[in-house]
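Engineer:
In my numbering, the protein residues as written are 1418 to 1695.
#1: If we ignore side chains and look at the alpha-carbon of each, how far apart do residue 1538 and residue 1677 end up?
#2: Can you list, in chain order, the residues of its chain whose CB lies under 7 angstroms from that of residue 1476, leaving out five sequence neighbours each side?
#3: Tell me whether residue 1664 sits in a helix, a strand or coil according to DSSP, three-state version.
#4: Tell me which residues share the same chain as residue 1553 and place their Cβ nearer than 7 angstroms to its Cβ, disregarding the 5 neighbours each side in the sequence.
#5: In chain order, which continuous runs of the alpha helix (DSSP H) of length 4 or greater are located wholly inside the stretch 1572-1624?
#6: Evaluate contact between the stretch 1624-1633 and the stretch 1448-1468, counting only Cβ atoms and requiring at least three cross-stretch pairs below 8 angstroms.
#7: Just to confirm, are residue 1565 and residue 1483 a CB contact at a threshold of 8 angstroms?
#8: For a quick check, are the C-beta atoms of residue 1517 and residue 1534 less than 8 angstroms apart?
#9: Are the stretch 1437-1448 and the stretch 1601-1618 in contact at 8 angstroms, needing three or more beta carbon pairs?
#10: Taking 6 angstroms as the limit between beta carbons, can you name the residues of its chain near residue 1672, skipping five residues before and five after?
#11: Tell me whether residue 1615 is buried or exposed, calling it buried when 16 or more other Cβ atoms sit within 10 Å of its Cβ.
#12: Buried or exposed for residue 1637, going by 16 or more other Cβ atoms inside 10 Å?
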C-alpha cells in the first residue's frame, strides 16, 4: 500500500509536469495505453485469452469508464492546483464510498459513521473555502474526480466477488486506451526532450504497478486495515509538490485535510468494529 501510493504520487507529479508543455488528453492517453500494454504483457502469456472472460462484462466496462473519467478530471485539475490540494480533497473518497454504499450496495451505515461523514465534508469546505476570493474553478474538477473514484471503488467491490483480479486489472485501462487512441493524431504534441519522453512512458508503469500492488495488498489484508495507509499520500504529495514545484499547502488546506483524515479514520474504525461484532 505504501509503495502503491508513492507510485501514484509519481503519476500525478509526472502529469502536472507534462501539463506545462502538452495536451492533457495526450497525457491521459499515455497513462492508459502504458497501463494496458504493461498488464497485457504480464497476463496474456500466462493466461492467454481466458483472462478476458468476465461474468459481468457490462460492469467491467462501467468500471473502466469511471477510472477514465476520474483520470480526466484529476489530470486537468492538476494543471491549476497544487498536489497537496488535490490529494487532500481525494481523502473524502472513503467517506463518499461509505455514504453511497447504502443505496448502491445495500449496506447499513450507523449514526456514528454518518456523523463522521458529515464532519469529513466540513473538512472539504475548509479546504475549498467556497466564497473565497482565490477559489479556483478547477476545484470543481477535483470534486468530480472524487465522485468518479468513489463509483469506481464501489464497482470494484461488486466485481471482486465475481471476476478474478487479473481480469479486472486487464479491463481497468481498456476504455481510456480505446477511446483516446483514435484521437491521438489530433492531440499529439511532441515531447520537448528526454525527460518528457521518460515521464510520458512512465505514466502507465506508475499507474499499472500501483494498481497491481493495491490488488496484492488486498489479497493479504482486509480493506479496513489497509485503507488508513492511503493517507500517507498527503506526505508524498507535499514532499513532491515542494521539491518539484516549490509549493507548500496553506494553513487552511492542512486544517481541512486533518479534519477529513480524522473522519476517514473513524469511519474505518467503525467498519472494523462492525465486522468484528458477533
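Backbone N, C-alpha and C fix where the C-beta goes; we use that ideal spot for every residue, glycine too.
Structural biologist: The structure says:
#1: As a first step, residue 1538 is located in the chain shown; it is residue number 121 there, counting from the start. As a first step, residue 1677 is located in the chain shown; it is residue number 260 there, counting from the start. Taking the straight line joining both Cα atoms gives about 7 angstroms.
#2: Taking the first residue of the chain shown as position 1, residue 1476 is located at position 59. Here the set comprises 1572, 1575 and 1576.
#3: On the chain shown, position 247 is the one that residue 1664 refers to. Three-state result, residue 1664: coil.
#4: Working through the chain shown from its first residue, we reach residue 1553 at position 136. Within the same chain, residue 1553 has close Cβ partners 1497 and 1498.
#5: 1582-1588, 1591-1597 and 1601-1604
#6: yes
#7: The residue labelled residue 1565 in the question sits at position 148 within the chain shown. The residue labelled residue 1483 in the question sits at position 66 within the chain shown. Taking 8 angstroms as the Cβ cut-off, residue 1565 and residue 1483 qualify as a contacting pair.
#8: By one-based count along the chain shown, residue 1517 stands at place 100. By one-based count along the chain shown, residue 1534 stands at place 117. Their beta carbons are not under 8 angstroms apart, which means residue 1517 does not touch residue 1534 by this criterion.
#9: Judged by pairs of C-beta atoms under 8 angstroms, the stretch 1437-1448 touches the stretch 1601-1618, as three or more such pairs exist.
#10: As a working mapping, residue 1672 is identified with position 255 in the chain shown. Annotation for residue 1672: 1543 place their beta carbon closer than 6 angstroms to its own, counting only its chain and skipping 5 residues before and after.
#11: Here residue 1615 refers to the residue found at position 198 when the chain shown is read from its first residue. Classification of residue 1615: exposed, given that the 10 Å Cβ count is below 16.
#12: As a working note, residue 1637 is residue 220 in the chain shown. So residue 1637 ends up on the exposed side.
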